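Keeping their order, the protein sequence lines are chains B, D and F. Its first residue numbered 1, the first sequence is counted upward by one per residue in the numbering used here. Its first residue numbered 1001, the second sequence is counted upward by one per residue in the numbering used here. Its first residue numbered 2001, the third sequence is counted upward by one per residue in the numbering used here. To keep things clear, I will list the structure first and then write my remarks on it.
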Amino acid sequence: MIKIVIAEDQGMLLGALGSILDLEEDMTVIGKAKNGQEAVTLVNQFNPDVCIMDIEMPVKSGLDAAEELKDHPCKIIILTTFARPGYFERARKAEVGGYLLKDSPSEELADSIRVIMKGRRVYAPELVDMVFQNDNPLTDR
Amino acid sequence: IILLPFNTFNRNKREKLESQLKDANQKISQMVVMEERQRIARDLHDTLGQKLSLVGLKSDLAGKLIDANPEAAKREINDISQTSRTALKEVREMVSDMRGTKLKDELIRIEQVLKAAEVEFTIKDETTLEKTPPLVENVLSMCLKEAVTNIVKHSKATTCLVELNESVDELSIRVKDNGTGITGKIDPTKKNGLRGMEERLEFVNGTLEVLSKEGTELFIRVPTVVKQVKQEGMA
Amino acid sequence: IILLPFNTFNRNKREKLESQLKDANQKISQMVVMEERQRIARDLHDTLGQKLSLVGLKSDLAGKLIDANPEAAKREINDISQTSRTALKEVREMVSDMRGTKLKDELIRIEQVLKAAEVEFTIKDETTLEKTPPLVENVLSMCLKEAVTNIVKHSKATTCLVELNESVDELSIRVKDNGTGITGKIDPTKKNGLRGMEERLEFVNGTLEVLSKEGTELFIRVPTVVKQVKQEGMA
Ligand SMILES: Nc1ncnc2c1ncn2[C@@H]1O[C@H](COP(=O)(O)OP(=O)(O)OP(=O)(O)O)[C@@H](O)[C@H]1O
Ligand SMILES: Nc1ncnc2c1ncn2[C@@H]1O[C@H](COP(=O)(O)OP(=O)(O)OP(=O)(O)O)[C@@H](O)[C@H]1O
Ligand SMILES: [Mg+2]
Ligand SMILES: [Mg+2]
Ligand SMILES: [Mg+2]
């Protein structure tokens, strides 16, 4: 059984995500958090296999929480909808197991979780943003 | 003999500058577009991103529940219906914000503003605006808004006349009040209403004339056939 | 005696140009933002507005069908799931696909994508792209992006080779992976990555060849002397 903790500040999303993963036969959701801080606490308390996190949450963001849990054996999966500057780089440096689209079909999400459990990283290409060179013609003169 | 190389030297320099100007323009427009997109993406993230993800998840969930627990499935479907409608409303609001204000909408708005300020309002509008590019309309709406704001804020006027005209090659707006007129110098570092108008009009090759006698009169003109300076990379 | 005025004359001219450069930069950025915003508003309205309405309607329908005809309800729910995800995907593309993505920038990006996916990346790039029109470069960047997205999403490959070549009359890109190859039929109503590539290449008279043996190989070719049929409305 893959033990999962989910952190998401939007209540309906948290509920739906929880129910959908619970329906998978080899997964069980053992904790739900409303922010990154709660997620860190739950992970330390229950030692889940996987912690799925939203990025933008009050108190502590998913990326902050992921950085804090970098040395914890629990695999961190970040879910988000749009690429935002700097996020990909931070997720990569925090060595998260997955950096995935929140809207990926639930089968795909479940499959990704299984692949990540085997030690591979899964990063949605849509979320990888370019590191821009600074060629701002307004500032460099 | 001496003049020529100097001349050439300077010509080269000028040509280099001119080409820099072109390059810079191109880079800027690309950069600005990127920045604007990121800004919009940020706005979209919190509203649409969340809602559409939720709809996706809940539809998967409903599909899985339908046989085992049709009542629970119905609740999910209900949430989907709600969520999609809220999202649609938000998209509409966002889109109408982004589109800028239509001139005809702005006319309605200023009528209300002037009524509230107890300024008698007369309008002569002969325009169809059929061939007016959105950008031009946007700029004109902003000008009109600022002109009327100024009347309410500064003029002490009791009447205001707005006249819109359209000819083959030009669109014009006259805004006239019977107030104090513009008295004293305008400090361009502090005030930016009128300057902003001028700058925006310049984008669309328009002009602003300000007359101050027996009140204030603004005359705004924009050529209908707009020379689009930066066609490329912008379309 | 003669030199001095010339010099001054040219200096003035240069200074004027330099200040023009600054002004132009500022104006353009404002104008570009306005136009870009309006353009995105249009796109948002067209893509999202329609899809969200559809989701709303279908969720009501599914709710009504659930007891009488659960199978039909499932089909509606399936459509909802598809539609919401396509909508979000489109928004994402709209926001991220900056017009005028330089091919060299895209190469940097795909390197990051492949690195993150732990796919070994080899690149052979012999091109200068000096005479490549921006439109062509843009199309090629989009193709490269989709090709690599597909590799990461579908191929299970461990290596990826990208080869760019330039001849007198042609530019070509080969993208090769050592994965599963394309298995099974592609449903063109659901999948639009490869089809989109083909469509975009058509604009610039380019072609796409797909080979599937020992992995997948895409071969993209665009003639360098492009008849620009559809410049407008696409850039
Ligand atoms: N219709 C008017 N009647 C009388 N005075 C006016 C009128 N319009 C402008 N003025 C005068 O011209 C000045 C400059 O106007 P402008 O719109 O540029 O700046 P502002 O309205 O003071 O500040 P801002 O528009 O930046 O909020 C005003 O401060 C006011 O003194
Ligand atoms: N490099 C590849 N290796 C293995 N299979 C591939 C590869 N590229 C494409 N495919 C297969 O071809 C199908 C069609 O690809 P296409 O890009 O058109 O659609 P998609 O990636 O599934 O969806 P979309 O691009 O619209 O998000 C994919 O679903 C996948 O099965
Ligand atoms: Mg959140
Ligand atoms: Mg003002
Ligand atoms: Mg694809």
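Ideal Cβ positions, reconstructed from N, Cα and C, are used throughout, including at glycine. Note that the coordinates shown come from a computational prediction; the quantities given were computed from them, not determined experimentally.
Proximity test, residue i beta-carbon vs ligand 5 heavy atom, cut-off 7 Å
{"i": "Asn2150(F)", "result": "yes"}
{"i": "Glu2146(F)", "result": "yes"}
Residue j beta carbon less than 8 Å from that of residue i
{"i": "Ile2186(F)", "j": "Ser2212(F)", "result": "no"}
{"i": "Cys1160(D)", "j": "Leu1114(D)", "result": "yes"}
{"i": "Leu2194(F)", "j": "Leu2140(F)", "result": "no"}
{"i": "Met27(B)", "j": "Lys75(B)", "result": "no"}
{"i": "Asp1983(F)", "j": "Thr2216(F)", "result": "No answer is possible for residue 1983(F): it lies beyond the span of chain F, which begins at 2001 and ends at 2235."}
{"i": "Leu2044(F)", "j": "Thr81(B)", "result": "no"}
{"i": "Gly36(B)", "j": "Pro48(B)", "result": "no"}
{"i": "Leu79(B)", "j": "Lys102(B)", "result": "yes"}
{"i": "Gly2056(F)", "j": "Arg1085(D)", "result": "yes"}
{"i": "Val2136(F)", "j": "Ile2110(F)", "result": "no"}
{"i": "Ala1062(D)", "j": "Ile2108(F)", "result": "no"}
{"i": "Glu1106(D)", "j": "Lys1145(D)", "result": "yes"}
{"i": "Gly2132(F)", "j": "Leu2171(F)", "result": "The sequence shown places Thr at residue 2132(F), not Gly. In contact: Thr2132(F) and Leu2171(F) (Cβ atoms closer than 8 Å)."}
Under the three-state DSSP convention, the category residue i falls into
{"i": "Met2098(F)", "result": "Confidence in Met2098(F) is poor, its pLDDT being 47 and thus under 50, which makes the residue's placement too unreliable to answer from."}
{"i": "Gly31(B)", "result": "strand"}
{"i": "Cys74(B)", "result": "coil"}
{"i": "Asn2012(F)", "result": "helix"}
{"i": "Arg2174(F)", "result": "strand"}
{"i": "Asn1205(D)", "result": "coil"}
{"i": "Ile111(B)", "result": "Per the sequence shown, residue 111(B) should be read as Asp rather than Ile. Asp111(B): helix per DSSP, three-state reduction."}
{"i": "Ala1117(D)", "result": "coil"}
{"i": "Met1(B)", "result": "coil"}
{"i": "Val59(B)", "result": "coil"}
{"i": "Glu1163(D)", "result": "strand"}
{"i": "Glu1126(D)", "result": "coil"}
{"i": "Val2136(F)", "result": "helix"}
{"i": "Ala1062(D)", "result": "helix"}
Near ligand 1: residue i beta-carbon under 7 Å from a heavy atom
{"i": "Ile1186(D)", "result": "yes"}
{"i": "Ser1141(D)", "result": "no"}
{"i": "Thr2086(F)", "result": "no"}
Distance cut-off 7 Å: residue i Cβ against heavy atoms of ligand 4
{"i": "Ala1179(D)", "result": "The residue you asked about is not Ala; residue 1179(D) is Gly in the sequence shown. Because no heavy atom of ligand 4 lies under 7 Å away, the Cβ of Gly1179(D) does not count as near it: no."}
{"i": "Gly1193(D)", "result": "yes"}
Residue i beta carbon near ligand 2 (any heavy atom closer than 7 Å)
{"i": "Ile2220(F)", "result": "no"}
{"i": "Ser1081(D)", "result": "no"}
{"i": "Ser2019(F)", "result": "no"}
Short CB-CB distance (under 8 Å) between residue i and chain B
{"i": "Thr2127(F)", "result": "no"}
{"i": "Leu1057(D)", "result": "yes"}
{"i": "Ser2141(F)", "result": "no"}
{"i": "Arg2085(F)", "result": "yes"}
{"i": "Gln2112(F)", "result": "yes"}
{"i": "Ala1041(D)", "result": "yes"}
{"i": "Asp1067(D)", "result": "no"}
{"i": "Thr2149(F)", "result": "yes"}
Counterpart residues of residue i in DSSP-defined beta bridges
{"i": "Ser2212(F)", "result": "Thr2216(F)"}
{"i": "Val2222(F)", "result": "Leu2171(F)"}
{"i": "Val50(B)", "result": "Ile4(B), Lys75(B)"}
{"i": "Ile80(B)", "result": "Going by the sequence as given, residue 80(B) is Thr instead of Ile. Bridge partners of Thr80(B): Leu101(B)."}
{"i": "Tyr123(B)", "result": "Tyr99(B)"}
Any non-hydrogen atom of ligand 3 closer than 7 Å to residue i Cβ
{"i": "Asp2105(F)", "result": "no"}
{"i": "Asp54(B)", "result": "yes"}
{"i": "Asp9(B)", "result": "yes"}
{"i": "Met57(B)", "result": "yes"}
Any C-beta of chain D under 8 Å from that of residue i
{"i": "Phe82(B)", "result": "yes"}
{"i": "Glu89(B)", "result": "no"}
{"i": "Met2098(F)", "result": "Model confidence at Met2098(F) stands at a pLDDT of 47, short of 50, so the residue's coordinates are unreliable and nothing is read from them."}
{"i": "Met53(B)", "result": "no"}
{"i": "Met57(B)", "result": "no"}
CB contact check: residue i to chain F, cutoff 8 Å
{"i": "Thr139(B)", "result": "Residue placement at Thr139(B) is poorly supported in this model, since its pLDDT is 37, which falls under 50; the coordinates still yield a value, given next. Chain F, which has no Cβ nearer than 8 Å to the Cβ of Thr139(B), makes this no."}
{"i": "Glu126(B)", "result": "yes"}
{"i": "Arg114(B)", "result": "no"}
{"i": "Glu103(B)", "result": "With the sequence shown as reference, residue 103(B) is identified as Asp, and Glu is not the correct amino acid for it. With 8 Å as the cut-off, Asp103(B) counts as an interface residue toward chain F."}
{"i": "Gly1144(D)", "result": "Contrary to the premise, residue 1144(D) reads as Leu rather than Gly in this sequence. For Leu1144(D), the answer is no, since every Cβ of chain F falls outside 8 Å of its Cβ."}
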